[in-house]
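Engineer: Shown below is the structure under consideration.
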Amino acid sequence: MRPFIGTYENKVDQKGRVSVPAKFRAVLQAEGYASIVVRPDPERGCIEGYGMDRLERLSDLTPDIVDLDDPQAAPVYQILAESEELSFDPNGRVLIPVPLLEAAGLGETAVFVGLGRVFQIWNPQAYTAFRAQKLRPAASGPAKGATP
1276 MRPFIGTYEN KVDQKGRVSV PAKFRAVLQA EGYASIVVRP DPERGCIEGY
1326 GMDRLERLSD LTPDIVDLDD PQAAPVYQIL AESEELSFDP NGRVLIPVPL
1376 LEAAGLGETA VFVGLGRVFQ IWNPQAYTAF RAQKLRPAAS GPAKGATP
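Listed below in structure tokens is the structure:
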């Protein structure tokens, strides 16, 4: 699958519909998908999105019965249990469920951030704060040992 790249800001309507960036849709449609899979990312306060192939690979690695006492099984269980498939409407929009809208603090605008195999959907102010906090060292110059 081609990577999700770039950052895009799109309007969220009153029903919770948002247009998935055309370049992200093109990546998914090239793989035969007419939907995205999303789940809350409570650690970052955004929504994580990806194609069904990622969820299928994860599911293939999961035993039929998940042992929640196994520390490696809990994150897989959480991802599978919290994921939702959202189909594109004829205009390339998806309807984000209210619990996900609330979990990410989405209002009138959403920021889509491509991260290779996945993408994130952010509240614009939260994304700006995240970038300021987490990406500040990268913006201050090349990493130690890096050649310009």
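All letters in the sequence shown, in the order written, are residues 1276 to 1423 by the numbering used here.
Virtual Cβ for every residue (Gly too), placed ideally from N, Cα, C.
#1: Between the beta-carbon of V1312 and the beta-carbon of A1385, is there less than 8 Å?
#2: For P1315, list the residues DSSP reports as bridge partners.
#3: With 16 as the cutoff for other CB atoms within 10 Å, does A1407 come out buried or exposed?
#4: Return the CA-CA distance between E1306 and Y1283, expressed in angstroms with no decimal places.
#5: Using the beta-carbon count (16 or more within 10 Å), is E1377 buried or exposed?
#6: Identify every run of the alpha helix (DSSP H) within the stretch 1345 to 1387, keeping only runs that are complete inside it and at least 4 residues long; order them along the chain.
#7: Measuring straight from C-alpha to C-alpha, what distance separates A1349 and R1392?
#8: What's the C-alpha gap between E1331 and A1404?
#9: Hey, out of P1365, R1314, L1370 and L1361, whose CA is closest to L1355's CA?
#10: Quick check on the DSSP output: the alpha helix (DSSP H) that includes E1284 runs from which residue to which?
Structural biologist: The short version:
#1: no
#2: I1322
#3: exposed
#4: 21 Å
#5: exposed
#6: 1348 to 1357 and 1373 to 1379
#7: 22 Å
#8: 33 Å
#9: R1314
#10: Here E1284 belongs to no alpha helix (DSSP H); instead the beta strand (DSSP E) covers T1282 to K1286.
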